[in-house]
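Each remark here refers to the structure printed beneath this line.
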Amino acid sequence: MKRDWIGILSAALVATCISTNGFAADELKLKAISDSAIKPAMDKYGIPGMAVAITVDGEDHIFNYGTVSKDTDKPVTAATMFELGSISKTFTVTLTSYAEVTGRLSLSDKASKYLPSMKGKPFGDVTLMNLGTHTAGGFPLQVPDDVKTEKQLIDYFEAWRPSHEAGTHRTYANPGIGMLGYITAKSMGDGFVALMEGKLFPSLGLKSTFIDVPKSRMADYAQGYKRSGEPARMTPAILSSEAYGVKSTASDMIRFIDANMGLIELNEKLQQAITNTHREYFDVGAMTQDLIWEQYSYPATLTTLMENNSSAMLKTIPVKQLTPAMEPRDDVWINKTGSTNGFGAYVAFIPKERVGIVILANKNYPNEDRVSAAYQILTDITSAR
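The sequence shown runs -24 to -1, 1 to 361 under mature numbering (1 follows the signal peptide of the UniProt record, and there is no 0).
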């Protein structure tokens, strides 16, 4: 009897070791894949610290590199927050989509419905869908520097004149998505930051994602660096919260990517809102414009992804509206880049493959290198299956 128990225990121990070693091997393999793509970029651009998160079939893996600052040996950890830049816009449209699902607004509404002073003005006739797809008629990339107060903001949009008819051209710009966030908050009866930090982020299960980083978490906020090497963090400005103001960790962001692929359990209306942000509204050549998200038929080539995430996409580009908008599908590569003066970020996911990636860096470096690294990592993962 004693020998039998010893045999059972021995078999259980062996099984446990095999299981553990198998998991460790997967983790080690993923880290090797990540290392081979990330370390060369860090060396090439002198990036102090990076965090990479990879999701495979709903299992998240986080790999941290370097330090939070050039002036300290403090390593990047799971708690380290990075500026997301324009990836923040994906949260803004998620809130807008949630407002639509819950009956607070419709993307077909005109801006004047929420901003009565815009009635009879060109901006008043712009739909919320156009604001969420960069097709409102042409804004500058940034809100003008002399616009600093809410009154000046409203005056600016009352005086605005479009360069093109809405829905005919894509001009990537912060003022449009900024006003979408502003209008969404009005429709929900609260301030934008309060809605994001008090409702959306907690509903998504994000515990280290903020617009205004609390004092208790400032030690986790990485120091950013310009391409020139000078230290930099974003300075709040009018509509910055709505357009590029979110700070987050790799672990929170990969959870958001999981949510975008329907791989975690969420409130039904919130999940529907997230899914709706993947509707295809405009044909922009090889890329399709969703609500902020940019989408490509899968498989996509690296050349296509690099070209469509380059600075050339900041120009005004003719587009073809898809009427009706195409419903979300899974055979696509969906991505978004984000930059501030001191940070560079990229997120991408492939619903069909149930894989996704988050790359965060505390230095601004070219989009093409971020895309190339992500493509290498996700391709290696899917090819190994």
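Using N, Cα and C, we set each Cβ at its ideal position, and we do this for glycine too.
Being a predicted model, the structure only gives us computed values, none of them experimental.
- Assignment of beta-bridge partners to H37 by DSSP yields I30.
- DSSP, read as helix, strand or coil, puts Q118 in coil.
- Closest option to I326, judged by alpha-carbon separation, among D234, G318 and L242: D234.
- The beta carbon of D101 is closer than 8 Å to those of K86, A87, S88 and A142 in its chain, skipping five residues each way along the sequence.
- Within the same chain, and ignoring the five residues on either side of N106 in sequence, the residues whose Cβ sits closer than 8 Å to its Cβ are A112, G113, A142, G143 and G152.
- Excluding residues up to 5 positions away in sequence, S348 and Y351 lie with their Cβ nearer than 7 Å to the Cβ of L278 in the same chain.
- A distance below 7 Å separates the beta carbons of F39 and S10.
- A149 places its beta carbon less than 7 Å from that of F115.
- Put simply, the backbone Cα of N236 is about 31 Å away from that of R203.
- Separation of M155 and P98 (C-alpha to C-alpha, rounded to the nearest whole angstrom) is 14 Å.
- Here the alpha carbon of A198 sits roughly 31 Å from the alpha carbon of T147.
- Measuring C-alpha to C-alpha distances from R80 to each of T251, G165 and T264 identifies G165 as the nearest.
- If you compare the alpha carbons of A301, M263, T211 and E134 with that of T253, the shortest gap goes to A301.
- C-alpha of F168 to C-alpha of L176: approximately 10 Å in a straight line.
- If you ignore the 5 residues before and after V189, its C-beta comes within less than 7 Å of the C-beta of M57, Y197 and K223, all in its own chain and listed in chain order.
- Counting other Cβ atoms within 10 Å of its Cβ, N243 stays below 16 and is therefore classed as exposed.
- DSSP places S192 within a helical segment (H, G or I) once states are collapsed to three.
- Here F319 carries a coil assignment [DSSP, helix/strand/coil].
- Counting C-beta pairs with one atom in each stretch, the region 314 to 321 and the region 332 to 339 have three or more that are closer than 8 Å, which means they touch.
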